[in-house]
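Colleague: Those protein sequences? They're chains A and B, same order as listed.
Start counting the first sequence at 132; every next residue gets the next number (this note's numbering).
Start counting the second sequence at 132; every next residue gets the next number (this note's numbering).
Please see the structure below; I have some questions.
2 protein chains.
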Amino acid sequence: MTVSLPPVGPLRQLLGKDDASIPEVWCARAKRTPDQIFLVRDDVRWTYAEAFELICRFAGFLRERGHAGPENRVASYLPNVPEAFWVWFGTHCAGSVYLPLNRAHKGVLLSDMLSRTGARILVTESSAVSELPDLSSCGIDTLILIDPTTKQRNELPIEVLSVDEALSAQRMNPAIPKPGALATIMFTSGTTGRSKAVLQPHNMYCRNAARLAEACEWNERDVFHAWLPLYHIAGQLHQTMSMVSVGGAICQFSTFSRTKFWSQIEQSHATIVIGLANVLTLLWSDPPSIRDRERSLRTILSAAVPKDLHRPFEERFAVCIMEQYGMTEMELLTVPNIRDRQVPLGSCGRAGPDFELAIFDEDDKPAPPGTPGEIVARPKASGLMMLGYDDDALPTVETWQNLWFHTEDIGYMDEEGFLFFVDRSRHVIRRRSENISSWELENILLRHPDIAECAVVGIPSALGEQDVKASICLKPSRATQPVEVYDFCRRNMAGFMVPRYIEILRELPHNHVGKIEKTQLLNVREGVWDAERAGDP
Amino acid sequence: MTVSLPPVGPLRQLLGKDDASIPEVWCARAKRTPDQIFLVRDDVRWTYAEAFELICRFAGFLRERGHAGPENRVASYLPNVPEAFWVWFGTHCAGSVYLPLNRAHKGVLLSDMLSRTGARILVTESSAVSELPDLSSCGIDTLILIDPTTKQRNELPIEVLSVDEALSAQRMNPAIPKPGALATIMFTSGTTGRSKAVLQPHNMYCRNAARLAEACEWNERDVFHAWLPLYHIAGQLHQTMSMVSVGGAICQFSTFSRTKFWSQIEQSHATIVIGLANVLTLLWSDPPSIRDRERSLRTILSAAVPKDLHRPFEERFAVCIMEQYGMTEMELLTVPNIRDRQVPLGSCGRAGPDFELAIFDEDDKPAPPGTPGEIVARPKASGLMMLGYDDDALPTVETWQNLWFHTEDIGYMDEEGFLFFVDRSRHVIRRRSENISSWELENILLRHPDIAECAVVGIPSALGEQDVKASICLKPSRATQPVEVYDFCRRNMAGFMVPRYIEILRELPHNHVGKIEKTQLLNVREGVWDAERAGDP
Chain A
132 MTVSLPPVGP LRQLLGKDDA SIPEVWCARA KRTPDQIFLV RDDVRWTYAE AFELICRFAG
192 FLRERGHAGP ENRVASYLPN VPEAFWVWFG THCAGSVYLP LNRAHKGVLL SDMLSRTGAR
252 ILVTESSAVS ELPDLSSCGI DTLILIDPTT KQRNELPIEV LSVDEALSAQ RMNPAIPKPG
312 ALATIMFTSG TTGRSKAVLQ PHNMYCRNAA RLAEACEWNE RDVFHAWLPL YHIAGQLHQT
372 MSMVSVGGAI CQFSTFSRTK FWSQIEQSHA TIVIGLANVL TLLWSDPPSI RDRERSLRTI
432 LSAAVPKDLH RPFEERFAVC IMEQYGMTEM ELLTVPNIRD RQVPLGSCGR AGPDFELAIF
492 DEDDKPAPPG TPGEIVARPK ASGLMMLGYD DDALPTVETW QNLWFHTEDI GYMDEEGFLF
552 FVDRSRHVIR RRSENISSWE LENILLRHPD IAECAVVGIP SALGEQDVKA SICLKPSRAT
612 QPVEVYDFCR RNMAGFMVPR YIEILRELPH NHVGKIEKTQ LLNVREGVWD AERAGDP
Chain B
132 MTVSLPPVGP LRQLLGKDDA SIPEVWCARA KRTPDQIFLV RDDVRWTYAE AFELICRFAG
192 FLRERGHAGP ENRVASYLPN VPEAFWVWFG THCAGSVYLP LNRAHKGVLL SDMLSRTGAR
252 ILVTESSAVS ELPDLSSCGI DTLILIDPTT KQRNELPIEV LSVDEALSAQ RMNPAIPKPG
312 ALATIMFTSG TTGRSKAVLQ PHNMYCRNAA RLAEACEWNE RDVFHAWLPL YHIAGQLHQT
372 MSMVSVGGAI CQFSTFSRTK FWSQIEQSHA TIVIGLANVL TLLWSDPPSI RDRERSLRTI
432 LSAAVPKDLH RPFEERFAVC IMEQYGMTEM ELLTVPNIRD RQVPLGSCGR AGPDFELAIF
492 DEDDKPAPPG TPGEIVARPK ASGLMMLGYD DDALPTVETW QNLWFHTEDI GYMDEEGFLF
552 FVDRSRHVIR RRSENISSWE LENILLRHPD IAECAVVGIP SALGEQDVKA SICLKPSRAT
612 QPVEVYDFCR RNMAGFMVPR YIEILRELPH NHVGKIEKTQ LLNVREGVWD AERAGDP
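Here it is, written out as structure tokens:
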């Protein structure tokens, strides 16, 4: 009845089994390769043994303070710093639940997230203190700062500790939760409505990360250029737990820097990086260099890679771009396979060994190959997807109808089962009864030789439904005018897709994970080029 | 990716497709075989055309009164009467949601069910009026009685109509909901906790009933001896919709009567009956008759048939007993196959074509063949299971972890995929660290030559956990003593299973669907035989 699944190589090697909790993986890893480098930040290195010592001390601190055990939730509100690892894994080794908050959140939203989840302890940095809501009214009784000032220690109306104090506690022998037990609470950055608090089990990280590392043939000699924040699922699972599962190293950076990227690769000898589609576009727009093919980098993990860029980019930089599809609630829906170079361009791969994927029409019936519909998924093993949305059971039930997880994403599958992502369904623009995929439109714009980056949104139209607006960032020293972009569009896309509004910006707004913040573009400023005013019907 | 499923024969023949809503099936059936008998009650018969006329009139009445459309919920609180069909199907043909309440409920519980579901119209019988809660405070504004008295019409503080008035409305052209749309709200008779309101889609009835009829090879010449009430999933799906899907007839009886059963079969020429395990036991305990093999009855649909009774019963009465497994939330998990006589005794069959079945351990991992665990299931097509529990999303999420429906039932599967039901997990008795299946113990007791019926429950023990109590009904003119049953148990079961308390009753308490009401047996009355007092350790 239940199919037998291929063994999960890295976990089998480390633990002799296919499912695990994060403390199990850490205990085994620290024992197996204690002297291997886990983390590099600037000029400082931590071996797996050193890192595990700090992790166990933070766990010990939590136990001393009564924050150990599954009913406790420890919140962090940190940028990319080494301490984020000790707090994250230390919380799990205390058997507690980890709540990593996006460092970009502020005020009411932050207050709401803390109150909803019931965290009593918050770890952050001193520069964040002025952005925090009233902590005691959110239920926080202990504030830990990685760099507290004397003033903060003396004047805040709450107990303030430094991370160093916490890390000087007596180490605790790690608690070993079950693989299916609740590990973290992740807030999804939904574009509309209240953020959802996703309840993630341990095995979601352990087994999925091991599957990814195995499929990409990563090993203990790999170094991950880690610029994605640790409050993002890809920062945790793809970028961190994959390395812990095989004993590789993480070289941490505060963010993605287009100008410093290649020198960072050179200094860190990094072999892997996560490059979202716009990262690839930015790197591609740099002038070619004689050293392009001589870097240590060998794998770029990405999603939604522009079709035309894929092979030329690989060729120019002598790297392998691996596409992957998944989401906070359910990873890794497709798993790249480094041996399988037959993946059709534009596809994000086939269903991973632990998942079933399908395309459903609006009646939840399978769509034929090639026909777009909603991407839906089911796990073939346990503990590989969210347990549900915290304090929000109704959206969970809606998302799980007919016992399929409904991603809300639009895609299609070919006859061989390769998945093609079309768009986030909530990003579909509707203009005069036609559905327009912002993702498709953006990919056409990126073919224009002068366009470095772009974003397409729908603007409410006086005619009802929406008009299309394109925001564009040009490559260095280009001076293309909106009307030229407009003509390019008229030449290269269906008439109903051609943007009415076109604006050229010096840069597009990005959030902390490098995604374009489309909500900031949902306006038509004075002076924006308008095809209707420009005389076109 | 998605497997292709075998066509659903009866729906293909009727509608040319595999999924349907109840009004679609009725429209097609009334057109296809208008003169075929749908219902027989006492000496009255209704053809499909006549029945459909009444159904469309009741729908028309609802539309006239503003109760048509998916936001309206029509409640019924009826025994087995023909009117229950017109109300049920008429509600669907008006596009409204049907809420069939168990006629045995009373007072607070009934009031809670009406309030929770938001029904505004209630159909019942005059003798039920004194048992009703205050209807206006439950939100009911119209009461329809099948037999209203003049006093009730004049004195009730709410509008009272007769069903005949409703059925004289102008017929409505049926609304055609989607197969996946909400059809009924069914309250499950959970033994503990608040009843759950199960939201059922149309296709749950249509496709599953057609699958059942096809697997059992039922056709338009079949007559169903219909004694199960219409507020029970088996009364609706197995007993009614199966016949509508193939154009068979339903012969309605108010309840199961051991003494009248065979004469009812004779008069009705019934070919099918649903016989719960205790029904089989009761019929078996009658003295053999020369006419046992000469009845029209050819199929008995049952669940949990005592293993030793199966083949002898079939042989004695020249019938085929078909075992089936499912539940209100998800039917038909196993589908019997009349051509497959290889089903091992004691098994309730293999997964039906539309479902995946598995046995999970407590970590939601598959148990090996032969090892008991929780029975879990997934649908392979849409609209075949509940949409969720109404106003109770959290239990739905708990029941749907890892995107499997968790039945809470214990069972095992053999190498060939045959399912063996062991027990309802909430009925497991725990005695001195041993789990005891009441179902297994009861099946052993039924092997005693003098025992006609029995029920086993757990009684809180002074030693902690539970002691076992057996309540027994003997066959006619037997005078077996508790101590003799006790000795039989000591000879035939593990020591820890042997009941401490044994009581002999003239009859066991049954609810309206013939199930033994175990809650009424959870006591140790004065004078009940007690092995400890009787001198045994």
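Every residue gets a Cβ at the ideal spot worked out from N, C-alpha and C, and that includes glycine.
For chain B, check one thing: does any of its Cβ atoms lie closer than 8 Å to the Cβ of phenylalanine 448 of chain A?
Modeller: By 1-based counting over the first sequence, the position of residue 448 of chain A is 317. No, its Cβ sits nowhere closer than 8 Å to a Cβ of chain B.
Colleague: Quick check on the DSSP output: the alpha helix (DSSP H) that includes valine 528 of chain A runs from which residue to which?
Modeller: Counting from one through the first sequence, the residue named residue 528 of chain A turns up at place 397. Run containing valine 528 of chain A: 524-530, per the alpha helix (DSSP H) assignment.
Colleague: Let me check one thing: in DSSP terms, what residues is threonine 178 of chain A bridge-paired to?
Modeller: Reading the first sequence from its first residue, position 47 is the one you call residue 178 of chain A. The partner list for threonine 178 of chain A (beta bridge, DSSP) reads A:Ile168.
Colleague: Among the residues of its own chain, which have a CB less than 8 Å from the CB of glycine 324 of chain A, if the five just before and after it don't count?
Modeller: Sequence index remark: in the first sequence, residue 324 of chain A carries index 193 (1-based). Interpretation of glycine 324 of chain A is limited by its pLDDT of 46, a score under 50 that renders its predicted location unreliable; the figure taken from the coordinates is listed afterwards. Cβ within range, chain order: n/a, list empty.
Colleague: Go through its chain and collect everything with a Cβ distance to proline 138 of chain A's Cβ below 7 Å, but skip five positions before and after it.
Modeller: As a working mapping, residue 138 of chain A is identified with position 7 in the first sequence. Once the five neighbours on either side are set aside, the close Cβ partners of proline 138 of chain A are Asp149.
Colleague: What did DSSP end up calling methionine 244 of chain A once you bin it into helix, strand or coil?
Modeller: Here residue 244 of chain A refers to the residue found at position 113 when the first sequence is read from its first residue. It is helical.
Colleague: I'd like to know whether the C-beta atoms of tryptophan 535 of chain B and arginine 509 of chain B end up nearer to each other than 8 Å.
Modeller: Taking the second sequence and counting its residues from 1, the one referred to as residue 535 of chain B is at position 404. Taking the second sequence and counting its residues from 1, the one referred to as residue 509 of chain B is at position 378. For tryptophan 535 of chain B and arginine 509 of chain B, yes; Cβs fall inside 8 Å.
Colleague: Using 10 angstroms around the beta-carbon of serine 299 of chain A, count the other beta-carbons present and answer buried if the total reaches 16, otherwise exposed.
Modeller: For the purposes of this step, residue 299 of chain A is identified with residue 168 of the first sequence, where counting begins at 1. Serine 299 of chain A should be labelled exposed.
Colleague: Short of 9 Å Cβ to Cβ, which residues in the region 507-536 of chain A face chain B?
Modeller: Flagged, chain order: Ala508, Arg509, Pro510, Ala512, Ser513, Gly514, Leu515, Met516, Leu518, Gly519, Tyr520, Asp523, Ala524, Leu525, Pro526, Thr527, Val528, Glu529, Trp531, Gln532, Asn533, Leu534, Trp535 and Phe536.
Colleague: Between the alpha carbons of aspartate 494 of chain B and alanine 312 of chain A, how many angstroms are there, rounded?
Modeller: By 1-based counting over the second sequence, the position of residue 494 of chain B is 363. By 1-based counting over the first sequence, the position of residue 312 of chain A is 181. The alpha-carbon atoms of aspartate 494 of chain B and alanine 312 of chain A are separated by roughly 10 Å.
Colleague: Among the residues of its own chain, which have a CB less than 8 Å from the CB of glutamate 663 of chain B, if the five just before and after it don't count?
Modeller: As a position in the second sequence, residue 663 of chain B is number 532, starting the count at 1. Around glutamate 663 of chain B: Arg631.
Colleague: Closest to isoleucine 252 of chain B by CA distance: which of B:Arg234, B:Leu230, B:His236 and B:Glu262 is it?
Modeller: Residue 252 of chain B sits at position 121 when you count from the first residue of the second sequence. Cα-wise, what sits closest to isoleucine 252 of chain B is B:Leu230.
Colleague: Using DSSP with H/G/I as helix, E/B as strand and the rest coil, what is glutamate 584 of chain A?
Modeller: Residue mapping note: residue 584 of chain A aligns to position 453 of the first sequence, counting from 1. Here glutamate 584 of chain A sits in strand by DSSP.
Colleague: If you follow the beta strand (DSSP E) that glycine 140 of chain A is in, where does it begin and where does it stop?
Modeller: For this step, residue 140 of chain A is matched to residue 9 along the first sequence. Where glycine 140 of chain A is concerned, there is no enclosing beta strand (DSSP E), although the alpha helix (DSSP H) it sits in stretches over 140-146.
Colleague: For the region 308-338 of chain A, which residues have a CB atom closer than 9 Å to at least one CB atom of chain B, in sequence order?
Modeller: Residues Lys309, Pro310 and Gly311.
Colleague: Classify glycine 321 of chain B as helix, strand or coil using the three-state DSSP reduction.
Modeller: Position 190 of the second sequence, counted from the start, is the residue given in the question as residue 321 of chain B. Note that glycine 321 of chain B scores a pLDDT of 46, beneath 50, so its modelled location is shaky and nothing firm can be said.
Colleague: May I have the straight-line CA-CA distance separating glutamate 674 of chain B from arginine 561 of chain A, to the nearest angstrom?
Modeller: Since the displayed chain B opens at 132 and closes at 668, residue 674 of chain B lies outside it and no answer follows.
Colleague: Between which residues of its own chain and asparagine 533 of chain B is the CB-CB distance below 6 Å, once the five residues before and five after are set aside?
Modeller: Stepping through the second sequence from its first residue, residue 533 of chain B is reached at position 402. For asparagine 533 of chain B, where only same-chain residues beyond five positions count, the Cβ hits under 6 Å are Asp495.
Colleague: Skipping 5 residues on each side, what residues in its chain have a beta carbon closer than 7 Å to that of glycine 321 of chain A?
Modeller: Against the first sequence, residue 321 of chain A aligns to sequence position 190. Because glycine 321 of chain A carries a pLDDT of 46, less than 50, the predicted location of this residue cannot be relied on, and no value is offered for it.
Colleague: Touch check for the region 157-177 of chain B and the region 498-514 of chain A: three-plus C-beta pairs under 8 Å?
Modeller: Flag = no, the region 157-177 of chain B and the region 498-514 of chain A do not touch.
Colleague: Please list, in chain order, the chain A residues whose beta carbon lies closer than 9 Å to that of aspartate 494 of chain B.
Modeller: As a working mapping, residue 494 of chain B is identified with position 363 in the second sequence. Within chain A, the residues near aspartate 494 of chain B are Asp150, Lys309, Pro310, Gly311, Ser513 and Gly514.
Colleague: Quick test of your reading: asparagine 350 of chain A and leucine 368 of chain A, contact by CB under 8 Å. State the CB separation rounded to the nearest angstrom.
Modeller: The residue labelled residue 350 of chain A in the question sits at position 219 within the first sequence. The residue labelled residue 368 of chain A in the question sits at position 237 within the first sequence. That belief does not hold up - the Cβ atoms of asparagine 350 of chain A and leucine 368 of chain A are roughly 18 Å apart, past 8 Å.
Colleague: Counting only runs of 4+ residues fully inside the region 192-267 of chain B, write out the alpha helix (DSSP H) ranges in chain order.
Modeller: Runs of the alpha helix (DSSP H) inside the region 192-267 of chain B: 214-224 and 238-248.
Colleague: Should leucine 298 of chain A be counted as a contact of the ligand MG given a C-beta to heavy atom distance under 7 Å?
Modeller: Absence of the ligand MG from the depicted structure is noted, as is the absence of any ligand whatsoever, leaving it without description.
Colleague: Rounded to whole angstroms, what's the CA-CA distance from valine 120 of chain A to leucine 572 of chain A? Just pull it up for me.
Modeller: Since the first and last residues shown for chain A are 132 and 668, residue 120 of chain A lies out of range.
Colleague: Taking C-beta to C-beta, are alanine 314 of chain A and valine 375 of chain A nearer than 8 Å?
Modeller: Taking the first residue of the first sequence as position 1, residue 314 of chain A is located at position 183. Taking the first residue of the first sequence as position 1, residue 375 of chain A is located at position 244. Contact: no.
Colleague: Mapping the DSSP letters down to three states, classify arginine 470 of chain B as helix, strand or coil.
Modeller: Counted from its first residue, the second sequence places residue 470 of chain B at position 339. Reduced to three states, the DSSP call for arginine 470 of chain B is coil.
Colleague: Taking only the alpha-carbon atoms, compute the straight-line gap between threonine 402 of chain B and glutamate 184 of chain B and give it to the nearest angstrom.
Modeller: To locate residue 402 of chain B, count along the second sequence from 1; it is residue 271. To locate residue 184 of chain B, count along the second sequence from 1; it is residue 53. C-alpha separation (whole angstroms): 27 Å.
Colleague: Only counting the same chain, and skipping five residues up and downstream in sequence, which positions put a Cβ closer than 7 Å to that of glycine 483 of chain A?
Modeller: The sequence position of residue 483 of chain A within the first sequence is 352, counting from 1. Cβ within range, chain order: Arg342, Leu463, Leu464, Thr465 and Val466.
Colleague: Would a check of beta-carbon distances place aspartate 166 of chain A closer than 8 Å to chain B?
Modeller: What you label residue 166 of chain A is simply residue 35 of the first sequence in a count that begins at 1. It does not; no Cβ of chain B falls within 8 Å.
Colleague: Less than 8 Å between the C-beta atoms of valine 450 of chain A and leucine 476 of chain A, yes or no?
Modeller: In the first sequence, the residue the question calls residue 450 of chain A occupies position 319. In the first sequence, the residue the question calls residue 476 of chain A occupies position 345. In this structure, leucine 476 of chain A does not lie closer than 8 Å to valine 450 of chain A by Cβ.
Colleague: Taking DSSP as the reference, what is the three-state secondary structure of lysine 600 of chain A?
Modeller: Residue mapping note: residue 600 of chain A aligns to position 469 of the first sequence, counting from 1. Three-state DSSP puts lysine 600 of chain A in a strand.
Colleague: What does the Cβ neighbour count give for glutamate 454 of chain B, buried or exposed, with the cut at 16 atoms within 10 Å?
Modeller: Counted from its first residue, the second sequence places residue 454 of chain B at position 323. Label assigned to glutamate 454 of chain B: buried.
Colleague: Rounded to whole angstroms, what is the Cα-Cα separation between valine 616 of chain A and glutamine 331 of chain A?
Modeller: Here residue 616 of chain A corresponds to residue number 485 of the first sequence, with the count starting at 1. Here residue 331 of chain A corresponds to residue number 200 of the first sequence, with the count starting at 1. Approximately 44 Å between the Cα atoms of the pair.
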